[in-house]
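Trainee: Dumping the structure here so I can ask a few things about it.
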């Protein structure tokens with residue numbers, strides 16, 4: 001596949017480990033009517049990483065690894081927009097200074113960028129640490145398939161996804177395909193370059209039918225009849241592909257979040273069903 005990767009700038013963006021927050025007494029009322037005080041977004045998650053199950057966790061919207069944010073809104077917008085999944089990330093402060101990992105996702109609403117670091121590094125990090133990211137990927141194009149919009153993915157990771165090029169488009173490994181009607185929170189956003197949107201998990205039958213109960217952080221998932229060129233919306237025949245970036249949720253209309261990496265209005269992206277289609281395998285994360 002021919003891309004314009006040689007033309008892409010590589011830019012420094014930086015974030016600080018974002019301490020978890022809690023509003024009021026912390027209660028969140030779930031779709032089932034129960035109130036809970038769950039662990040949720042932010043901080044450092046030590047026991048869930050890319051490749052682990054994102055379902056059945058006793059928390060809400062759990063973000064694997066390290067959650068990053070900037071206190072200045074405009075700077076954080078740039079961090080969210082320009083950091084791409086697969087970008088190299090380096091700790092630049094504290095006891096873990098010099099340790100490297102990868103960007104693994106972005107989460108809208110809470111406005112976090114998530115990163116993977118190995119267990120030894122996580123044990124050295126604190127919520128005061130800063131992480132520098134070599135941002136690259138926004139503006140990536142397929143020269144012979146410009147109807148496919150690419151976003152949020154590092155060029156090197158993109159080339160390692162096992163994509164098969166065809167005359168009329170591409171085929172990409174995904175773990176499952178989900179219908180448009182299961183996509184929820186995040187609809188109405190002006191762009192998916194700044195975050196994600198959620199697979200709704202409130203219907204047990206749909207979860208079973210489309211393999212949602214078996215999803216893992218980092219899985220590639222195809223969304224049918226959804227166009228993400230200028231924010232997520234229904235469009236018959238369109239196709240988008242996203243990566244699972246955060247865990248399931250108790251909240252109505254929410255569930256595992258997908259950060260979109262490609263979209264086609266004319267359906268020129270076809271699935272190759274593969275249970276191993278996970279960025280942990282492509283980035284050699286164990």
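Residue numbers (full-length UniProt numbering): 1 to 286. We put the CB at the ideal spot given by N, CA and C, even for glycine.
#1: Sort out for me which residues DSSP pairs residue 5 with in a bridge.
#2: Could you tell me the alpha carbon to alpha carbon distance between residue 74 and residue 80, rounded to whole angstroms?
#3: Classify residue 164 as buried or exposed, calling it buried when 16 or more other Cβ atoms lie within 10 Å of its own Cβ.
#4: Taking the straight line between their C-alpha atoms, what separation do you get for residue 17 and residue 167?
#5: Relative to the alpha-carbon of residue 34, which residue among 205, 260, 249, 92 has its alpha-carbon at the smallest distance?
#6: Could you please give the first and the last residue of the uninterrupted alpha helix (DSSP H) stretch that includes residue 71?
#7: Starting from residue 100, trace the beta strand (DSSP E) in both directions and tell me its first and last residue.
#8: Closer than 6 Å by C-beta to residue 280: which residues in its own chain qualify, once you throw out the five before and the five after it? Chain order, please.
#9: Terminal residues of the continuous beta strand (DSSP E) containing residue 148?
#10: For residue 257, tell me which candidate among 156, 93, 243 has the shortest Cα-Cα distance.
#11: Going by DSSP, what residues sit across from residue 271 in a beta bridge?
#12: Since I believe residue 161 is in contact with residue 283 (beta carbons under 8 Å), could you give me their beta-carbon distance rounded to a whole number of angstroms?
#13: Distance, Cα to Cα, residue 137 vs residue 241?
#14: Am I right that residue 90 and residue 131 are in contact with their C-beta atoms under 8 Å? What's the rounded C-beta distance?
#15: Grab me the residues of residue 289's own chain with a C-beta within less than 8 Å of its C-beta, minus the 5 sequence neighbours each way, in chain order.
#16: In the DSSP assignment, what residue or residues form a beta bridge with residue 227?
#17: List the DSSP bridge partners of residue 14.
#18: Are there three or more Cβ pairs, one per stretch, closer than 8 Å when the region 135–151 is compared with the region 169–176?
#19: Around the C-beta of residue 288, are 16 or more other C-beta atoms found within 10 angstroms, so that it is buried, or is it exposed?
#20: Looking at the secondary structure, which residues open and close the beta strand (DSSP E) in which residue 261 lies?
#21: Roughly how far, in whole angstroms, is the beta-carbon of residue 63 from the beta-carbon of residue 94, given that I think they are within contact range, below 8 Å?
#22: So who's on the other strand from residue 114, going by DSSP bridges?
#23: Please report the distance separating the alpha-carbon of residue 266 from that of residue 235.
#24: Taking DSSP as the reference, what is the three-state secondary structure of residue 283?
#25: Is residue 278 helix, strand or coil when you go by DSSP?
#26: Roughly how many angstroms lie between the CA atoms of residue 1 and residue 14, to the nearest whole one?
Mentor: Taking the definition as stated:
#1: Position 5 of the chain shown, counted from the start, is the residue given in the question as residue 5. In DSSP, residue 5 forms no bridge with anything.
#2: Along the chain shown, read from residue 1 onward, the residue named residue 74 stands at position 74. Along the chain shown, read from residue 1 onward, the residue named residue 80 stands at position 80. About 10 Å.
#3: In the chain shown, the residue the question calls residue 164 occupies position 164. So residue 164 counts as exposed.
#4: On the chain shown, position 17 is the one that residue 17 refers to. On the chain shown, position 167 is the one that residue 167 refers to. When rounded, the distance between both Cα atoms is 44 Å.
#5: Taking the first residue of the chain shown as position 1, residue 34 is located at position 34. If we check each option's Cα against that of residue 34, 249 comes out closest.
#6: The sequence position of residue 71 within the chain shown is 71, counting from 1. Neither: residue 71 is in no alpha helix (DSSP H) and is coded neither H nor E.
#7: Counting from one through the chain shown, the residue named residue 100 turns up at place 100. First-last of the beta strand (DSSP E) with residue 100: 100–107.
#8: Mapped onto the chain shown, residue 280 falls at position 280. Excluding sequence neighbours, residue 280 sits near 50, 51, 218.
#9: Here residue 148 refers to the residue found at position 148 when the chain shown is read from its first residue. Element bounds for residue 148: 148–150.
#10: Within the chain shown, the letter at position 257 stands for residue 257. Looking at the Cα atoms, 243 is the closest of the given residues.
#11: Against the chain shown, residue 271 aligns to sequence position 271. Answer is 172.
#12: Position 283 of the chain shown holds residue 283. Position 161 of the chain shown holds residue 161. With a Cβ gap of about 11 Å, residue 283 and residue 161 do not count as contacting.
#13: The residue you call residue 137 lines up with position 137 of the chain shown. The residue you call residue 241 lines up with position 241 of the chain shown. Cα to Cα, residue 137 sits roughly 16 Å from residue 241.
#14: Translated into the one-based positions of the chain shown, residue 90 becomes position 90. Translated into the one-based positions of the chain shown, residue 131 becomes position 131. Sure, about 7 Å apart at Cβ, within 8 Å.
#15: Examination of residue 289 is not possible in this model, given that the chain is present from 1 through 286 alone.
#16: Here residue 227 is taken as the residue at index 227 of the chain shown, counted from 1. Its beta-bridge partners are 233.
#17: Here residue 14 refers to the residue found at position 14 when the chain shown is read from its first residue. Looking at the DSSP assignment, residue 14 forms a beta bridge with 132.
#18: yes
#19: In the structure as shown, the chain starts at 1 and stops at 286, and residue 288 therefore has no counterpart that could be examined.
#20: What you label residue 261 is simply residue 261 of the chain shown in a count that begins at 1. Segment 257–264, the beta strand (DSSP E) holding residue 261.
#21: The residue labelled residue 63 in the question sits at position 63 within the chain shown. The residue labelled residue 94 in the question sits at position 94 within the chain shown. The Cβ separation is near 20 Å, so there is no contact.
#22: The sequence position of residue 114 within the chain shown is 114, counting from 1. Answer is 67, 105, bridged to residue 114.
#23: The residue given as residue 266 occupies position 266 in the chain shown. The residue given as residue 235 occupies position 235 in the chain shown. Cα-Cα distance, rounded: 9 Å.
#24: For the purposes of this step, residue 283 is identified with residue 283 of the chain shown, where counting begins at 1. In the structure shown, residue 283 sits in coil (DSSP, three-state: anything other than H, G, I, E or B).
#25: Position 278 of the chain shown, counting from 1, holds the residue named residue 278. Three-state result, residue 278: strand.
#26: Residue mapping note: residue 1 aligns to position 1 of the chain shown, counting from 1. Residue mapping note: residue 14 aligns to position 14 of the chain shown, counting from 1. Each residue's Cα considered, the two are about 31 Å apart.
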